[in-house]
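2 protein chains.
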Amino acid sequence: MEFMTYIGLLAGILTTISFLPQAIKTWRTKSTKDISLAMFLCFCFGVVLWVIYGFYTQNLPVFLANFATFVLAFSILICKLKYG
Amino acid sequence: MEFMTYIGLLAGILTTISFLPQAIKTWRTKSTKDISLAMFLCFCFGVVLWVIYGFYTQNLPVFLANFATFVLAFSILICKLKYG
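As they're listed, the protein sequences go chains A and E. Here the first sequence stands for residues 126 to 209, where the numbers follow our numbering. Here the second sequence stands for residues 126 to 209, where the numbers follow our numbering.
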C-alpha cells in the first residue's frame, strides 16, 4: 500500500472518530441546542455521496471513512431531531 | 470530467457548506456548550491530512472540499475555545 494511502486512511480515521465524542456527548446530555440542524442534514447527505464516490472510484480510504462517518453523523442528526 | 468526479465535487460541496450554518449559528449565539471540543480538535487535524492526501494524490474534489472545510471547522473550533 502506498504511503499516501496510509495518510488517507489516517485522515479518514481522524475525521470519522471525531464524530464519536460529539455523538457520546449528545447521547449523554440529550442537549442539542447549539448544534445546527442544517449542518447535520446537509452533512449526512454529502457523506452519502462521498460513500458512492469512494465505492465507484475504488478509493478505499474515502469509502470506509465516509461509511463510518455516516453512521455517527446520522445518529447525531436523529438526536437533534428528537431533542430540538 | 468524469461523472464520478462531479459526484465527488457535489459531495465535497455539501459536506463543506454544511459547516457554514454551524459556523454562523456559533458566531451569532456565541453558545458552544453542546459542541464537543474533542470532535473539532480531532476533526480539524484529520481534515488537514485529507488536504495533504488530496494534494499528493491529485484528487481535486478531496483537496478542494477539505481545504474549505478546514477554514470553517477551524473557525468553529476557535469559537469553542473562546466561549467554552
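Glycine is no exception: its CB is placed at the ideal position from the N, C-alpha and C atoms.
- prompt: Does the beta carbon of A/G133 come closer than 8 Å to any beta carbon on chain E?
  reply: With 8 Å as the cut-off, A/G133 counts as an interface residue toward chain E.
- prompt: How big is the Cα-Cα spacing for E/K155 and E/L202?
  reply: When rounded, the distance between both Cα atoms is 12 Å.
query: Are the beta-carbon atoms belonging to E/T182 and A/W175 less than 8 Å from one another?
result: Contact flag unset, no.
- request: Find out if the Cβ-Cβ distance for the pair A/T157, A/V172 is shorter than 8 Å.
  value: Cβ distance not < 8 Å, so A/T157 and A/V172 don't count as in contact.
query: E/C167 and E/A198 look like a contact to me (Cβ under 8 Å); what is the Cβ gap, rounded to whole Å?
result: That belief does not hold up - the Cβ atoms of E/C167 and E/A198 are roughly 10 Å apart, past 8 Å.
- request: Whole angstroms is fine: what's the gap from E/E127's alpha carbon to A/I177's?
  value: Near 14 Å, if we compare the C-alpha coordinates of A/I177 and E/E127.
- prompt: Is A/I160 closer than 8 Å to A/W205 when the C-beta atoms are compared?
  reply: As written in the sequence, residue 205 of chain A is Lys, which differs from the Trp given in the question. Yes.
query: From which residue to which residue does the alpha helix (DSSP H) around E/S200 run?
result: It spans L185 to Y208 - the alpha helix (DSSP H) in which E/S200 sits, taken as one unbroken run.
- prompt: Quick one, which of E/P186, E/W152 and E/K150 has its alpha-carbon nearest E/T130's?
  reply: Residue E/P186 is the option with its Cα nearest to E/T130.
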